[in-house]
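There are 4 protein chains.
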Amino acid sequence: MRNREKAPYHARREAVLAVARDLFAERGYRATTVRDIADASGVLSGSLYHYFDSKETLIDEMLSSYLDELTIAYRNVVAQGGDAPATLARLVAAAFAAVEKHRAAGLVLHSERHHLARLPRFAHLVEREEEIEHLWSTVIERGKTTGQLRPDIDEHMTYRFVRDGICAAARWSRPATGLAEQFLSLLLDGLRG
Amino acid sequence: MRNREKAPYHARREAVLAVARDLFAERGYRATTVRDIADASGVLSGSLYHYFDSKETLIDEMLSSYLDELTIAYRNVVAQGGDAPATLARLVAAAFAAVEKHRAAGLVLHSERHHLARLPRFAHLVEREEEIEHLWSTVIERGKTTGQLRPDIDEHMTYRFVRDGICAAARWSRPATGLAEQFLSLLLDGLRG
Amino acid sequence: MRNREKAPYHARREAVLAVARDLFAERGYRATTVRDIADASGVLSGSLYHYFDSKETLIDEMLSSYLDELTIAYRNVVAQGGDAPATLARLVAAAFAAVEKHRAAGLVLHSERHHLARLPRFAHLVEREEEIEHLWSTVIERGKTTGQLRPDIDEHMTYRFVRDGICAAARWSRPATGLAEQFLSLLLDGLRG
Amino acid sequence: MRNREKAPYHARREAVLAVARDLFAERGYRATTVRDIADASGVLSGSLYHYFDSKETLIDEMLSSYLDELTIAYRNVVAQGGDAPATLARLVAAAFAAVEKHRAAGLVLHSERHHLARLPRFAHLVEREEEIEHLWSTVIERGKTTGQLRPDIDEHMTYRFVRDGICAAARWSRPATGLAEQFLSLLLDGLRG
DNA sequence: GATGAATGAGGATTCATTCAT
DNA sequence: TATGAATGAATCCTCATTCAT
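Chains as they are written, first to last, in the UniProt record's numbering: chain A, 1 to 193; chain B, 1 to 193; chain C, 1 to 193; chain D, 1 to 193.
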């Protein structure tokens, strides 16, 4: 095994990233200092720089892997075919699955999106989110064309509504509460009894 | 006129607050420096402290007046009576109206809520939001009881879904696009065609 | 007088710059910390940033004003006309005069030139030095053409030889030792008896 | 062979030193990190400390061997006898030869001299340079006594002028351009045609 | 010998706030 | 009231060096 020696490095790196993730989610990215992360990781602040170039790298990596996974999951859903409502159902399920796994990333993205989007360094996040929005919009548009979805509701509003709803849900959800199903049902059929 | 001297003071104060509002909305609370606000207001940074104790006072005042107005509006809606769907319709309308008027406050609250909620200084904001959430939940619960709203959907999820959806909408909405109506229709009747 | 209020600011600024100048000359640019400068100026380190954007601004301003003065002086010398040896004599005199007045700048430029030239931020210094070198080279070339200066000696070597010689002289010279005259004589007529 | 084991050690040590030399010359001593040297040498940063106690040892060794060689060469020149102009000619030749061989050391000494001279650790470099300066001064003084060199030019100024001129030349010289001869000619006979 | 993770003091810089004028 | 210079703690980051493996 060639990773006999690399494993500890990788494990430490992941451990630090996990600590950062939690602190960012809990206190916010900017309110978390590099020293906070180091302290909580049991290393000195200088040592963090063995693993990460900068504080920005930490959040970037955390958000990128979330968006990576999300994008892949969404593409798979779309590639699977099916009509718009069914696709939408699977998109919502994928979204909840991703946000449950990357809870911290979802929360951080939710509250830092606006700020990060202003920094050139994070332009790629914006691009990725645009791709995702485009993907959802296309599905909804298709549903409007076939008459399975209502034509009078803007697809971009719907997507952002969903995106933020899911992120917000992540803040207080506990797994296995059937949240995704409730959410989907609300989205498709509305609140009316 | 007794306000011959107080008026300029008050006008200046409001002007500064308005500038801060916009900057906070545009760049975020923490990314905006006191000096930025002073510069954009045409006063010196030291002078701000004649009007406001601290930077926190600025955001507090801005968020408080937003939440004040929102709470009053919601209370009025509820006091007006009517069944749950109708009440909900008026709540959504009130929410959109408030967020359109206090756009910056809506945005800032959206992205700073989690951070501010951790500070004792802003505990009262949390209380106010809890009151608001309670108010919405009660309306939805009543709808569930009468059978006009679906019993299988959690009222807290629904509320937060709505709250965040509206805030997010504020970021890109332009007035008079019928957003509130679309949103309400989506909420009550769902996306299905 | 409109500068009744600006004067103190300007005076302080100049005082800080003078302190930085001396410390840079004495210990080198990089070995001098911002705190060193602040301490020696009797202010706190944060206060320096009222006057200067950055440590780089400090050295930039100091070197720029030296090169400004040098360039102007050299241009005047050349504009005055005269044959090459006479022009060279006046160039040497101007160089010594400038380096005596901007002793610290001469020393710092001498030892930091190579390092600073690598930073994009200081590209303009390189350009200015190139103009100066071009100016000297042209004079020497002219002398070679008229036969008043030896044709077998490279003008660029000569210029750099002179430039560094003068800077080095600045480190140990005391005013009014006739250094410039000696230097010029050595340059034109050589060491041979 | 007893050096079967020592040779690699020595070879490695020299290789690291050579890399450090080049990096110091290219970016400057302080701007070069120990890790830069390790990376460029193909070893890990910790491994450097098997060969060198510290970063200072690296520069010390590099400058010392340059000054060693220079001192020996100069002593030989002086020991050879001959009149002052001839001795000076051989000194200049020796200087150019040394600086061509130890180009990096020449450059580094040129720009770090002032800084290093302040550190007790490098006091011995100062002493060595003083010996060298003394040696040159003596030769020039002798020439003044015999009338072969001009009596009106300070020998210390001349020496430093030469020292810095040669170092500066090293930065842009390419071998075999007859630079040494030009330089010597300029020094002895001046620029006048 | 070699590794490379860990150290920790120290660097430049930021910024909300204060206060003498 | 208004100024704006001054504060000083806090931030992110660097880097020569050490040491257990």
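Idealized CB from N, CA, C, for every residue including glycine. None of these values were measured; they are calculated from a predicted model.
Residues of chain C with a Cβ closer than 7 angstroms to the Cβ of S111/D are, in chain order, S111, H114. Here the alpha carbon of F183/A sits roughly 42 angstroms from the alpha carbon of H50/A. Here the alpha carbon of R142/C sits roughly 31 angstroms from the alpha carbon of H110/D.
As the crow flies, the alpha-carbon of D22/D is around 26 angstroms from that of D53/A. For the C-beta of G147/C, the chain D residues within less than 9 angstroms are, from N- to C-terminus, G193.
Contacts with chain B at 9 angstroms (Cβ-Cβ) do not include M62/A. Per the DSSP secondary-structure output, L149/B pairs in a beta bridge with R192/A. A check of alpha carbon separations from G106/C across A11/C, G165/C, I72/C identifies G165/C as the nearest. Under the 10 Å beta carbon count, T32/D is surrounded by 16 or more other beta carbons and is classified as buried.
Assigned with DSSP and collapsed to three states, V126/D falls in helix. The alpha carbon of V126/C has as its nearest neighbour, out of H114/C, G147/C, W136/C, D154/C, the alpha carbon of H114/C. For L119/D, no alpha helix (DSSP H) segment is defined, and its DSSP state is neither H nor E.
F183/B sits in a helix when the DSSP states are folded into three classes. Going by DSSP, L58/B is part of the alpha helix (DSSP H) stretching over 55 to 79. In terms of CA proximity to R118/C, E26/D leads the group E26/D, H10/D, A20/D, A104/D.
The beta-carbon of T87/C is placed no less than 9 angstroms from the nearest beta-carbon of chain D.
Excluding the 5 residues flanking it on each side, I59/B has same chain C-beta neighbours closer than 6 angstroms at Y29, in chain order. Neighbourhood of T33/A in chain B, by CB distance below 7 angstroms: empty, with the nearest CB roughly 13 angstroms away. The way I'd put it, the region 91 to 101 of chain D does touch the region 66 to 77 of chain D; three or more beta-carbon pairs between them come closer than 8 angstroms. Residues of chain A whose Cβ lies closer than 9 angstroms to the Cβ of T138/B do not exist; the shortest such Cβ separation is about 15 angstroms.
Spatial neighbours of Y159/D in its own chain (CB-CB distance under 8 angstroms, excluding positions within 5 residues in sequence) are listed in chain order as E133, W136, S137, I140.
Cβ neighbours of A170/D within its own chain (closer than 7 angstroms, five residues either side excluded): V99, R103, G106, L107.
In the three-state scheme derived from DSSP, where H, G and I count as helix and E and B as strand, T33/D is classed as coil. Between R192/D and L186/C the beta-carbon gap is near 11 angstroms, outside 8 angstroms, which marks them as no contact. Proximity of chain B to R30/A at the Cβ level (cut-off 7 angstroms) is accounted for by R30, in chain order.
Residues of chain A with a Cβ closer than 9 angstroms to the Cβ of S185/B are, in chain order, R150, D152, I153, G190.
Around the beta carbon of A94/A, 16 or more other beta carbons lie within 10 angstroms, which makes this residue buried. Annotation for R90/A: V77, Q80, G82 place their beta carbon closer than 8 angstroms to its own, counting only its chain and skipping 5 residues before and after.
Interface criterion not met: the Cβ of F96/A is under 9 angstroms from no Cβ in chain B. The Cβ atoms of L48/A and V34/A lie closer than 9 angstroms to each other. Nearest C-alpha to E61/D among R163/D, A7/D, R13/D, G190/D: R13/D. Taking each of A40/A, S64/A, A20/A in turn and checking the Cα distance to R128/A, the smallest one comes out for S64/A.
For the options A97/A, V43/A, A180/A, the alpha carbon positioned closest to that of F161/B is the one of A180/A. Cβ-Cβ separation between A11/D and I37/D: approximately 16 angstroms, too far for a contact (criterion under 8 angstroms).
A15/B is not a Cβ neighbour of S45/B, given a cutoff of 9 angstroms.
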